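Asker: Taken in order, these protein sequences are the chains called E and V. Just so you know, numbering that gives the first Met the number 0 puts 13 at position 14 of the first sequence, and the rest follows in order with no gaps. Just so you know, numbering that gives the first Met the number 0 puts 18 at position 19 of the second sequence, and the rest follows in order with no gaps.
Protein chains: 2
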Amino acid sequence: MGFQINTKVLRDAVELANNAVSRKTTNPILSGVKLYIEDNVLHIYTTDLQTGFHKWLKVEDVDGPFSTVVEQKVFLEILSSLSSETVRVDLDGVVRLTGGNSNFKLPIMDPEEFPALTFDVSGNAIFLDKNIVSKMIDKVLFCVLKDSSPLSRNLNSVYWDFRRSGFLNLVTSDSFRLALSEIEVGEENLLSPFLLSLRSMEELRLILSSSKTEKIEIIQSGSQVLFNFEDDDLQLIFNTVEAEFPDYLAIIPQSFITKIKARTSDFLYIMKRMSIVSGKEEYTLMNIKDGLIVCYASSPDIGEAKEEIKVEQEGENIEIAYSPRFFREALEKIETVEFEFNISGEELPTILKPLEDNSYMYIIMPKRKA
Amino acid sequence: MGFQINTKVLRDAVELANNAVSRKTTNPILSGVKLYIEDNVLHIYTTDLQTGFHKWLKVEDVDGPFSTVVEQKVFLEILSSLSSETVRVDLDGVVRLTGGNSNFKLPIMDPEEFPALTFDVSGNAIFLDKNIVSKMIDKVLFCVLKDSSPLSRNLNSVYWDFRRSGFLNLVTSDSFRLALSEIEVGEENLLSPFLLSLRSMEELRLILSSSKTEKIEIIQSGSQVLFNFEDDDLQLIFNTVEAEFPDYLAIIPQSFITKIKARTSDFLYIMKRMSIVSGKEEYTLMNIKDGLIVCYASSPDIGEAKEEIKVEQEGENIEIAYSPRFFREALEKIETVEFEFNISGEELPTILKPLEDNSYMYIIMPKRKA
Numbered sequence: 000m001g002f003q004i005n006t007k008v009l010r011d012a013v014e015l016a017n018n019a020v021s022r023k024t025t026n027p028i029l030s031g032v033k034l035y036i037e038d039n040v041l042h043i044y045t046t047d048l049q050t051g052f053h054k055w056l057k058v059e060d061v062d063g064p065f066s067t068v069v070e071q072k073v074f075l076e077i078l079s080s081l082s083s084e085t086v087r088v089d090l091d092g093v094v095r096l097t098g099g100n101s102n103f104k105l106p107i108m109d110p111e112e113f114p115a116l117t118f119d120v121s122g123n124a125i126f127l128d129k130n131i132v133s134k135m136i137d138k139v140l141f142c143v144l145k146d147s148s149p150l151s152r153n154l155n156s157v158y159w160d161f162r163r164s165g166f167l168n169l170v171t172s173d174s175f176r177l178a179l180s181e182i183e184v185g186e187e188n189l190l191s192p193f194l195l196s197l198r199s200m201e202e203l204r205l206i207l208s209s210s211k212t213e214k215i216e217i218i219q220s221g222s223q224v225l226f227n228f229e230d231d232d233l234q235l236i237f238n239t240v241e242a243e244f245p246d247y248l249a250i251i252p253q254s255f256i257t258k259i260k261a262r263t264s265d266f267l268y269i270m271k272r273m274s275i276v277s278g279k280e281e282y283t284l285m286n287i288k289d290g291l292i293v294c295y296a297s298s299p300d301i302g303e304a305k306e307e308i309k310v311e312q313e314g315e316n317i318e319i320a321y322s323p324r325f326f327r328e329a330l331e332k333i334e335t336v337e338f339e340f341n342i343s344g345e346e347l348p349t350i351l352k353p354l355e356d357n358s359y360m361y362i363i364m365p366k367r368k369a
Numbered sequence: 000m001g002f003q004i005n006t007k008v009l010r011d012a013v014e015l016a017n018n019a020v021s022r023k024t025t026n027p028i029l030s031g032v033k034l035y036i037e038d039n040v041l042h043i044y045t046t047d048l049q050t051g052f053h054k055w056l057k058v059e060d061v062d063g064p065f066s067t068v069v070e071q072k073v074f075l076e077i078l079s080s081l082s083s084e085t086v087r088v089d090l091d092g093v094v095r096l097t098g099g100n101s102n103f104k105l106p107i108m109d110p111e112e113f114p115a116l117t118f119d120v121s122g123n124a125i126f127l128d129k130n131i132v133s134k135m136i137d138k139v140l141f142c143v144l145k146d147s148s149p150l151s152r153n154l155n156s157v158y159w160d161f162r163r164s165g166f167l168n169l170v171t172s173d174s175f176r177l178a179l180s181e182i183e184v185g186e187e188n189l190l191s192p193f194l195l196s197l198r199s200m201e202e203l204r205l206i207l208s209s210s211k212t213e214k215i216e217i218i219q220s221g222s223q224v225l226f227n228f229e230d231d232d233l234q235l236i237f238n239t240v241e242a243e244f245p246d247y248l249a250i251i252p253q254s255f256i257t258k259i260k261a262r263t264s265d266f267l268y269i270m271k272r273m274s275i276v277s278g279k280e281e282y283t284l285m286n287i288k289d290g291l292i293v294c295y296a297s298s299p300d301i302g303e304a305k306e307e308i309k310v311e312q313e314g315e316n317i318e319i320a321y322s323p324r325f326f327r328e329a330l331e332k333i334e335t336v337e338f339e340f341n342i343s344g345e346e347l348p349t350i351l352k353p354l355e356d357n358s359y360m361y362i363i364m365p366k367r368k369a
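1) What would DSSP say about Y359(E), mapped onto helix, strand or coil?
2) In chain order, what are the residue ranges of uninterrupted alpha helix (DSSP H) at least 4 long that sit wholly in the stretch 34-87 of chain V?
3) By DSSP, does P370(V) sit in helix, in strand, or in coil?
4) Counting only Cβ-Cβ distances shorter than 8 Å, please list the residues of the stretch 69-80 of chain E near chain V, keeping chain order.
5) For a quick check, are the C-beta atoms of D60(V) and M0(V) less than 8 Å apart?
6) Measuring only the C-alpha atoms, how far is I317(E) from E345(E)?
7) Suppose only complete runs of 4+ residues qualify. What are the alpha helix (DSSP H) ranges in the stretch 237-268 of chain V, listed by chain order?
8) Just the chain C side, please: which residues come within less than 9 Å of I319(E) by C-beta, in chain order?
9) Which residues, in order along the stretch 99-115 of chain V, keep a beta-carbon less than 8 Å from a beta-carbon of chain E?
10) L75(V) and D232(V) - do their beta-carbons sit closer together than 8 Å?
11) Please classify F226(V): does DSSP put it in a helix, a strand, or coil?
12) Look at the Cβ atom of Y268(E), then the Cβ atom of S82(V), and state whether they are nearer than 8 Å.
13) Please report how far the alpha carbon of T263(V) lies from the alpha carbon of D109(E), in whole angstroms.
14) Assuming the contact rule is C-beta atoms closer than 8 Å, N188(E) and I125(E) should be a hit. Round their C-beta distance to whole Å, please.
15) For Y268(E), which residues in chain V fall below 8 Å Cβ to Cβ?
16) Quick check: the Cα distance between E234(E) and V157(E), rounded to an integer number of angstroms?
17) Please list, in chain order, all residues of the same chain as D173(E) whose beta carbon is under 8 Å from its beta carbon, the five residues on each side excluded.
18) Between P365(V), T335(V), S358(V) and F340(V), which has its C-alpha nearest P348(V)'s C-alpha?
19) The alpha helix (DSSP H) that contains V170(E), what's its start and end?
20) Out of T6(E), Y361(E) and I363(E), point me to the one whose CA is closest to L96(E)'s CA.
21) From the DSSP secondary-structure annotation, give me the bridge partner or partners of S156(E).
22) Please name the residue, chosen from A304(V), K279(V) and I275(V), that lies closest to M285(V) on a Cα-to-Cα basis.
23) Which residues mark the beginning and the end of the alpha helix (DSSP H) in which N130(V) is found?
24) Exposed or buried, what is F175(V) when buried is set at 16 or more other beta-carbons lying within 10 Å of its beta-carbon?
25) So the alpha helix (DSSP H) T97(E) belongs to, where does it begin and stop?
26) Could you tell me which of V240(E), P149(E) and I342(E) sits nearest to P252(E), measuring between CA atoms?
27) For T24(V), is the classification buried or exposed, using 16 other Cβ atoms within 10 angstroms of its Cβ as the cut-off for buried?
28) Secondary structure at N102(E), three-state DSSP: helix, strand or coil?
29) Can you tell me where the beta strand (DSSP E) with L284(V) in it begins and where it stops?
30) Drop a sphere of 10 angstroms on the beta-carbon of S208(V), count the other beta-carbons inside from all chains shown, and report buried for 16 or more, exposed for fewer.
31) Under the three-state reduction of DSSP, which class applies to D11(E): helix, strand or coil?
32) Mind checking if A304(V) is an interface residue toward chain E, Cβ cutoff 8 Å exclusive?
33) Quick check: T257(V) and I287(V), are their CB atoms within less than 8 Å of each other?
34) Taking E307(E) as the query, report the chain V residues whose CB atoms sit under 8 Å from its CB, ordered along the chain.
35) Which residues in the same chain have their Cβ closer than 7 Å to the Cβ of V274(V), if we skip the five residues on either side of it in sequence?
36) My guess is that K260(V) and E337(V) are in contact by the Cβ rule of under 8 Å, so how many angstroms apart are they, rounded?
Next up, the structure:
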């Protein structure tokens, strides 16, 4: 029982599953990749129970039924190391890999124990443009809370908020700041809002980065969402995170006491310099007065930094403090030459966004003044 | 009291000192960079007591005497972050850095506490070609023992063995393997053999990688060695390691029971594949018989690998075991299309070396057969 396939084709397919495999698990089958052949098509499955990966490839010289599970990491390392153009994979109590003069025997796991990746494809479906989705994800992913413990699952996720007005918002927050990217999808192109875990999003981003599919189909069915990459012969099946994302719309400030326009790169470099001396404090004070911002940061061991920058200012003069890192990380994502920096008050959320572009924005909380 | 200088010139100079600074030290002055001006020349010093760095630069607009010490890491970070082409450095109880609209104040340390970097330049001197020294170091540095504890200082070093026959050998060993590179320097161009610590060698390699000096002067004086990079206005002053390097010449086997010639890259890839399945065991068995080598490795969790390769063989058939990693790391440094693989016995050192090139070689101990 076995088949033959181009080494690089199989290698690339197994690598794409990287973020849908459990690395540290008490259940070894979740560290595996399931290989299953039907009608000369090899199906490749991995899952960590949250993210499911399914890709299929044409194979040659198929000989008998084939269904097994091997460890994904070792399988990928071996495929990456083979010098031969094609590889033969055979199953007889072990998996035998043969490529050129190289012969490997790998222990197998029971394919019956591998979790079934099932999905009811009759659910609601919409199509989104690959490049737009990629860009939206890039704008918000860095604000996801990194802590994946059960209590913070709602922030260890990206919120896909389909809004009745015909917009899709991707929203992330680590509770100190929030990132939002928005696109109009049309009122007829809506799903129910859902949460995808950071791990699921990383797998989605990996697939998007090499996908040939221009229009990605997204199908929703109960607590599952399927992303169909038709031209890649690939599907991702996500179990959504059952938790409640904060009411982010209530957090977005609507009125401002001070509105600033400034050059993005100039401000970015200032925040980098403030970061150096602020050390672990992550604190920079801004004195905003009559079109001039004086930034100040210090820590006893490292030293002091002071810098001024001319800006366009509307509204009140104010002294306000921020984390220079949060400021910098938002500015790094802003692509326009100038940006808007809109202040609601010393202890109210501030908006940072590209000038004359409403497709993404960042909200950061000021720091309590020392 | 201060001076002005091109930001990038100062930044690059301070960065070159990176491996001659103590990062973890109970003596804070060793984490510092000393800045000292005499006759419109800025002298930059760092030392970790083993490796001393000294570079000098022309400066402008010098105003009064200048001698101080600031933390090297912070100083470098700030210089790297400045947007302005020139920077002004002033001293008045703190160091003030001014570049464009950026102003920094850095705490200072007492320059009198900074260890003096003195060297008696009247010692023996020789000149070595920069590119040759760089290449010799590259061939041996990976075999240095990484453990820097007092008992293993002699192997946490590179042995510069000047031999009366007019050769310089650079030799390293982690006690399981040995690397040697050799060059003829002439009988009139000899110093006494010395040991330089891995940290010292890393600083030397950093300087060599960007040096403009073609002929490097090496001066020896007692337990110190000075490397003079004349065209870079830079000197490294090393305290040699006071320890005894093993009698490596006695280890180099002179007679062989089996001599193999094989293609370097083919063998390298085989060793990579053996590494995957051998896991932490780092064990591969070779059955060498009538011009064919069959390699075999396995571990219970990961699987088995078996591979054969045709070679040119002289001498006995033998079954012998090696660490596939040691084998691979040596082959990665061998630049010839074919290599020599010379076996003295199952429990005696094996030589790996480029074919028809005696300028470098690797000695690895076989493993006891399982």
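Backbone N, C-alpha and C fix where the C-beta goes; we use that ideal spot for every residue, glycine too. Values in this document were obtained by computation on a predicted structure and should not be read as measured data.
Answerer: To lay it out plainly:
1) Note: Y359(E) maps to strand in three-state DSSP.
2) 71-80
3) A query on residue 370(V) cannot be resolved here, the shown segment of chain V reaching from 0 to 369 and no further.
4) E70, V73, E76, I77 and S80
5) no
6) 8 Å
7) Runs of the alpha helix (DSSP H) inside the stretch 237-268 of chain V: 247-250.
8) The chain inventory of the structure shown lacks chain C, comprising the protein chains E and V.
9) Of all residues in the stretch 99-115 of chain V, N100, S101, N102, F103, K104, L105 and P106 have a Cβ within less than 8 Å of some Cβ in chain E.
10) It is not a contact, given that the beta carbons lie outside the stated cut-off.
11) strand
12) yes
13) Distance between the alpha carbons of T263(V) and D109(E) is about 40 Å.
14) 5 Å
15) For the C-beta of Y268(E), the chain V residues within less than 8 Å are, from N- to C-terminus, S80 and S82.
16) This sequence places Gln at residue 234(E); Glu is not what is there. Roughly 19 Å separates the two Cα atoms.
17) C142, V143, L144, K145 and L154
18) Ranking the options by Cα distance to P348(V), first place goes to P365(V).
19) Element bounds for V170(E): not the alpha helix (DSSP H) but the beta strand (DSSP E), F166 to S172.
20) Of the residues T6(E), Y361(E) and I363(E), the one whose Cα lies closest to the Cα of L96(E) is T6(E).
21) Paired residues: S196(E).
22) A304(V)
23) K129 to V139
24) The Cβ neighbour count for F175(V), taken over all protein chains shown within 10 Å, is under 16; the residue is labelled exposed.
25) Unbroken run through T97(E) is the beta strand (DSSP E), V94 to G98; no alpha helix (DSSP H).
26) I342(E)
27) exposed
28) strand
29) T283 to K288
30) Classification of S208(V): exposed, given that the 10 Å Cβ count is below 16.
31) helix
32) Answer yes: the Cβ-Cβ gap between A304(V) and chain E drops below 8 Å somewhere.
33) Yes, Cβ-Cβ distance for T257(V) and I287(V) is below 8 Å.
34) E307(E) reaches chain V at N100, counting residues in chain order whose Cβ is nearer than 8 Å.
35) Correcting the residue identity first, residue 274(V) is Ser in this sequence and not Val. If we look at S274(V) and ignore the five residues flanking it on each side, its Cβ neighbours are P323, R324 and R327.
36) 6 Å
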